[in-house]
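Chemist: Numbering (mature numbering (1 follows the signal peptide of the UniProt record, and there is no 0)), first residue to last: -19 to -1, 1 to 773.
Input: one structure, supplied below.
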C-alpha cells in the first residue's frame, strides 16, 4: 500500500485528527454552495453556512480550507461546475460511483494545483479530457474509468511526473496513444507510473515503439478491446517490472517479439483475438506465468511446444485456434497448479493420455475440433470436451463426447453462509434489517480460472475485513455473494458490506468503502480491479415515515385483490392468445418448457447482436447477397462472428426459421462453417456463424484475395471440402445434401483449411409424427444431376 495514501486516509477518517475547527474560508464556502445548488441528493446536513465548522458530510478541512471531498456512492446527480475550481487547497476529489453525475469536466481543471487524487470512477461524465489536466503536477492517482469520455488522451498527461495510476478504461476514447517528441510530452515520460489501464476504448494506430523504455516502473499494461494495429513493439521487453500484459482483442499483426520471454516477472499474458502470425512464441523464460491466452491468432502450424512444461505456476492455458498439431505431452496435465486447458480448434492428433499423477486442481480440458484418435482418461473424472474428434465416432466414445457447460461461463455462488440481510429480534417495520451496501469488484485480469475454489473467496474477504478495521471504515462484515466471468472476460465478484450494529450505513460509511476500493488501498491478490456499486437507497432518514408505510401497505393489499380478480380474466385471455401466438412465434414453445432441438447454438437478442456489430455500422459490413447483409462482429468472449441479417422479402416463416436453426445447430465438423446462434427478435431474423477470415475459394483462385495457393495447399483445400461434404451427406443427423456447391461457398480459415458454407437452406421438415426429411434446393447448374432428376 502506498504509505502516503494510507496516512492521508487516516487523517481524513479520524475525527481526532481535526485539530483545528474554524470558520470556512468565504471562497470555499461559495464553491460548496454552488455544488449544493447544482447537485441533487446532497447530504441532508449541508444546511449550515460553515461546512468546516459544522462538519458537512463528505467535506474535510484543514482549518478553514477545504482539502478533501469524498462522496463516493452517495447518489449525487448533476454536473461538475466550474465553481469547484475555487477550492484552491483541494487535495482529494472522489465522486466515484455516482452515475447521476454528467457532463464535461471543467476546462480549467488544471488550476487545482494541489490536487493529488482525482477519482471519478463509474459516473456518467462525457466530453473531452481537458488539456489542462497536465497542469496537475501533484497528481498521483487519475481514475476516469467507466464514464463516457471521448476524443484522445491529451499529450499533456505526460507532464504528470508524480502519477502512479492512469486508468481511463471503459470509455469512448479514440486516436493514437500519445508519446513525446521535441515539442510535446507523452505517456512515455510517466516514469513513476505503475499502471497504464487504457482498455475498452477505441484507440487506433500502432502501439508506438517509443511508448516503453527501461526507466519505466510499469506493473500493468492493459490495452485490451481497442482497435490497435501493427506489431507488438520490441521495446515492451525493456520494462522489466511488468507483471500483467493485456493486448488482446485488437488488430495486432506480425510476429510476437522474441525478447518478450525475457519478461520473467510477468504472471498474466493475454494476446488472444488478434492477427498475429509467424511461429508460436517461445515463452520459456516467462516461468512465473499463471495465466496464458494467445488464442485465435493465425500462427504457423507447429507441433505442441515443449516450453509448456517449464511453466510450473501455470493455472490456465488457452491456445485455441493457433495451428497446434501432433501429440499432447502427457506431462502437461501434471503441472501442479493447472486448472484449465483450452486447445480447441487445432490439429492435435494421436492419443490424449491423462496420467495418474494429473494435477489435483485440473477442472477442464477442452480439445474440441481436433484430430484426436484415442483418449485414456485414467482416473480423471472432471470435464473433457472432445466434440468433433475422430475418437467421437467410435462406439466406446458414446457419452464421453457430449458438450458440457463449465462454471467459467456462468454465475458461481459460493456457499459461504452469507445472508442477504441481518435482522434484529426487536425490529420495527421501518428498519427491520441491516441493509448491506452492494457492489462489484471487477478484476481485469486474474491468475486462476476455477471459480469453484472457495479458498479464493475466503482469502479475499478475510483480507478486506482487517483492512477496513485498520482504516476505521465502519464495516462489520464483508460477504461474497456470487462470482462470474462477464462478457469482457473479467472476473466479477458481487460483494455485500454490512454496517456494524446500526440498520444503515450513513453517507460517510458508504463513501469510505468506495474511497478505499477506488483508490486501490486494498492490495488485491488477484490483479488489477475496479469497483462499481448498486445505488444505496437506505441512508438514514429514508423509509422511516410510518404513515407512508401504512398507506403503502393498505394500497398494496387493495392492489393484490384487484390483481387476483384481473388475473382470472387475464388467464382466460392468455389461453386464447397463446394458441394464436404459438403459430406466429414457435420460439414461445422453448420458453414454455419444450426442449429445443439445439446442439450448441445460442439465442441472441436484437440488442446483443447490435452491440456485437457496433450498431450494424457500415464498417462492420463484410458482404451482401440475396439473403441480406452480412456483418462482422465480436462476442463478449472475443470470438469473431459473421451475422447474416435477413432483409425484408427474404425472411422465412417463423416455423421455417425455427426448423432451419434446429437443422444447422446439429452440424459440427471442422470443415463445415459452424452456427454459433441466431436472433429472432423485434421482427428480425439473423443467423450467427463463426467468422472465417480468409474469404472464399473463388477469391483466392482468381487472385482477388492476394492469397497464393500452391498445389499442396489446393490439395488440402480439396480434401477438406470433400470431408465437409461427406459429413453433410453421410454423418449429419439428419443427412443434408448441399444445395449449392461452388467455390463461393468454400471458405478458408486462418490456416487455409476449407470450410463448407451456405448449405443451410435445405430445410428440416417435420410432420406431426416427428418424421424428418431433407429437401434439396439450390442453383440448378451446380446441383448434382442425379439429385436434380431424382426430384423432378
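Ideal Cβ placement from N, Cα and C applies to all residues, glycine included.
Pick helix, strand or coil for residue 575, following the three-state DSSP scheme.
Modeler: Taking the first residue of the chain shown as position 1, residue 575 is located at position 594. Any reading at residue 575 needs caution, since the residue's pLDDT is 38, under 50, leaving its predicted position unreliable; the model's value is listed next. DSSP places residue 575 in coil when its eight states are reduced to three.
Chemist: Would a C-beta distance cut-off of 7 Å place residue 48 and residue 72 closer than the cut-off?
Modeler: For the purposes of this step, residue 48 is identified with residue 67 of the chain shown, where counting begins at 1. For the purposes of this step, residue 72 is identified with residue 91 of the chain shown, where counting begins at 1. Yes, Cβ-Cβ distance for residue 48 and residue 72 is below 7 Å.
Chemist: Quick one: is residue 162 buried, meaning 16 or more other Cβ sit within 10 Å of its Cβ, or exposed?
Modeler: If you number the chain shown from 1, residue 162 lands on position 181. Counting Cβ neighbours within 10 Å, residue 162 comes out exposed, since fewer than 16 surround it.
Chemist: Whole angstroms is fine: what's the gap from residue 368's alpha carbon to residue 713's?
Modeler: Along the chain shown, read from residue 1 onward, the residue named residue 368 stands at position 387. Along the chain shown, read from residue 1 onward, the residue named residue 713 stands at position 732. Whole-angstrom Cα-Cα distance: 14 Å.
Chemist: Tell me which same chain residues have a C-beta within less than 6 Å of the C-beta of residue 322, skipping the five on either side of it?
Modeler: Position 341 of the chain shown, counted from the start, is the residue given in the question as residue 322. Contacts found: 298, 346.
Chemist: Pick out the complete alpha helix (DSSP H) segments inside the region 463 to 500, 4 residues or longer, and give them in chain order.
Modeler: Within the region 463 to 500, the complete alpha helix (DSSP H) runs of at least 4 residues are 488 to 499.
Chemist: What residue range is occupied by the uninterrupted alpha helix (DSSP H) comprising residue 636?
Modeler: The residue you call residue 636 lines up with position 655 of the chain shown. Where residue 636 is concerned, the enclosing alpha helix (DSSP H) stretches over 635 to 645.
Chemist: I'd like the span of the beta strand (DSSP E) that includes residue 41, first residue to last.
Modeler: Stepping through the chain shown from its first residue, residue 41 is reached at position 60. Where residue 41 is concerned, the enclosing beta strand (DSSP E) stretches over 40 to 43.
Chemist: Let me know if residue 702 comes out buried or exposed under the rule of 16 or more other beta-carbons within 10 Å of its beta-carbon.
Modeler: The count along the chain shown starts at 1 and reaches residue 702 at position 721. Label assigned to residue 702: buried.
Chemist: For residue 724, which residues in the same chain have their Cβ closer than 7 Å to its Cβ, ignoring the five residues on either side in sequence?
Modeler: The residue you call residue 724 lines up with position 743 of the chain shown. Cβ neighbours of residue 724 beyond the five flanking positions: 677, 678, 679, 682.
Chemist: Buried or exposed: residue 391, going by 16 or more other Cβ atoms within 10 Å of its Cβ?
Modeler: On the chain shown, residue 391 is found 410 positions in, with the first residue counted as 1. Because the pLDDT at residue 391 is just 46, under 50, the model does not fix this residue reliably, and the point stays unresolved.
Chemist: Please tell me whether residue 709 has its Cβ less than 7 Å away from any Cβ of chain C.
Modeler: Considering every chain present, this structure includes no chain C. It has just one protein chain.
Chemist: Is the region 46 to 65 close to the region 4 to 20, with three or more CB pairs under 8 Å?
Modeler: The answer is yes - the region 4 to 20 touches the region 46 to 65, with three or more Cβ pairs under 8 Å.
Chemist: Using alpha carbons as the reference points, say which of 188, 199, 516 lies closest to residue 160.
Modeler: Here residue 160 corresponds to residue number 179 of the chain shown, with the count starting at 1. Closest by alpha carbon: 188.
Chemist: Output the distance between the C-alpha atoms of residue 382 and residue 374, rounded to the nearest integer angstrom.
Modeler: Residue numbering aside, residue 382 sits at position 401 when the chain shown is read from its first letter. Residue numbering aside, residue 374 sits at position 393 when the chain shown is read from its first letter. C-alpha separation (whole angstroms): 9 Å.
Chemist: Compare the beta carbon distance of residue 233 and residue 257 with 7 Å and say whether it is the shorter of the two.
Modeler: Taking the first residue of the chain shown as 1, we reach residue 233 at position 252. Taking the first residue of the chain shown as 1, we reach residue 257 at position 276. Their beta carbons are under 7 Å apart, which means residue 233 touches residue 257 by this criterion.
Chemist: Answer with buried or exposed for residue 691, where buried requires no fewer than 16 other C-beta atoms within 10 angstroms of its C-beta.
Modeler: As a working mapping, residue 691 is identified with position 710 in the chain shown. With fewer than 16 Cβ atoms within 10 Å of its Cβ, residue 691 is classed as exposed.
Chemist: By DSSP, does residue 129 sit in helix, in strand, or in coil?
Modeler: Position 148 of the chain shown, counting from 1, holds the residue named residue 129. Strand, per DSSP.
Chemist: With distance defined between alpha-carbon atoms, name the residue in 721, 470, 616, 444 nearest to residue 460.
Modeler: Start at 1 with the first residue of the chain shown, and residue 460 comes out as number 479. Checking every option, the nearest Cα to that of residue 460 belongs to 444.
Chemist: Quick one: what does DSSP say residue 437 is sitting in, helix, strand or coil?
Modeler: Here residue 437 refers to the residue found at position 456 when the chain shown is read from its first residue. Residue 437 falls in the helix class under three-state DSSP.
Chemist: Could you check if residue 567 is buried or exposed, using at least 16 other CB atoms within 10 Å of its CB as the buried criterion?
Modeler: Residue mapping note: residue 567 aligns to position 586 of the chain shown, counting from 1. Legend: pLDDT at residue 567 = 49, less than 50; position of this residue unreliable, no value from coordinates given.
Chemist: Just list the residues that DSSP pairs residue 106 with in beta bridges.
Modeler: Here residue 106 refers to the residue found at position 125 of the chain shown. DSSP output for residue 106 lists 84 as bridge partner(s).
Chemist: My understanding is that residue 316 touches residue 332, with C-beta atoms under 8 Å, so please give their C-beta distance in whole angstroms.
Modeler: As a working note, residue 316 is residue 335 in the chain shown. As a working note, residue 332 is residue 351 in the chain shown. No, residue 316 and residue 332 are not in contact; Cβ-Cβ is about 19 Å, not under 8 Å.
Chemist: By DSSP, does residue 351 sit in helix, in strand, or in coil?
Modeler: By one-based count along the chain shown, residue 351 stands at place 370. Of the three classes helix, strand and coil, the one that applies to residue 351 here is coil, per DSSP.
Chemist: Check the DSSP bridge columns for residue 203 and list the partner residues they point to.
Modeler: For the purposes of this step, residue 203 is taken as residue 222 along the chain shown, with counting starting at 1. For residue 203, which the question treats as bridged, DSSP gives the partners 178, 227.
Chemist: Grab the span of the alpha helix (DSSP H) containing residue 587 for me, first residue to last.
Modeler: By one-based count along the chain shown, residue 587 stands at place 606. Here the alpha helix (DSSP H) through residue 587 covers 587 to 593.
Chemist: Helix, strand or coil for residue 140, going by three-state DSSP, please let me know.
Modeler: Residue 140 sits at position 159 when you count from the first residue of the chain shown. Here residue 140 sits in helix by DSSP.
Chemist: Assuming residue 223 contacts residue 202 under a Cβ cut-off of 8 Å, what Cβ separation, rounded to an integer in Å, is found between them?
Modeler: Counting from one through the chain shown, the residue named residue 223 turns up at place 242. Counting from one through the chain shown, the residue named residue 202 turns up at place 221. Residue 223 to residue 202, Cβ: 6 Å. Contact.
Chemist: By how many angstroms is the C-alpha of residue 456 removed from the C-alpha of residue 487?
Modeler: As a first step, residue 487 is located in the chain shown; it is residue number 506 there, counting from the start. As a first step, residue 456 is located in the chain shown; it is residue number 475 there, counting from the start. Distance between the alpha carbons of residue 487 and residue 456: 11 Å.
Chemist: Once the 5 residues before and after residue 491 are set aside, which same chain residues still bring their CB inside 6 Å of it?
Modeler: On the chain shown, residue 491 is found 510 positions in, with the first residue counted as 1. So the qualifying residues of the chain are 54, 418, 517.
Chemist: Among 312, 281, 27, which residue has its Cα nearest to the Cα of residue 287?
Modeler: Locating residue 287 in the chain shown gives position 306, where the first residue counts as 1. Among 312, 281, 27, the Cα nearest to that of residue 287 belongs to 312.
Chemist: For residue 420, list the residues DSSP reports as bridge partners.
Modeler: For the purposes of this step, residue 420 is taken as the residue at position 439 of the chain shown. BP columns for residue 420 point to 476, 514.
Chemist: I'd like the span of the beta strand (DSSP E) that includes residue 613, first residue to last.
Modeler: As a working mapping, residue 613 is identified with position 632 in the chain shown. Its beta strand (DSSP E) spans residues 609 to 615.
Chemist: What does DSSP give as the partner residue(s) for residue 197 in the beta ladder?
Modeler: Residue mapping note: residue 197 aligns to position 216 of the chain shown, counting from 1. Paired residue(s): none; residue 197 is not in a bridge.
Chemist: Just confirm the distance between the C-beta atoms of residue 122 and residue 152, as a whole number of angstroms; I'd bet it's less than 8 Å.
Modeler: To locate residue 122, count along the chain shown from 1; it is residue 141. To locate residue 152, count along the chain shown from 1; it is residue 171. Rounded, the Cβ-Cβ distance is 17 Å, inconsistent with contact.
Chemist: Would residue 658 pass as a contact of residue 583 if the rule is Cβ separation under 7 Å?
Modeler: By one-based count along the chain shown, residue 658 stands at place 677. By one-based count along the chain shown, residue 583 stands at place 602. Contact: yes.
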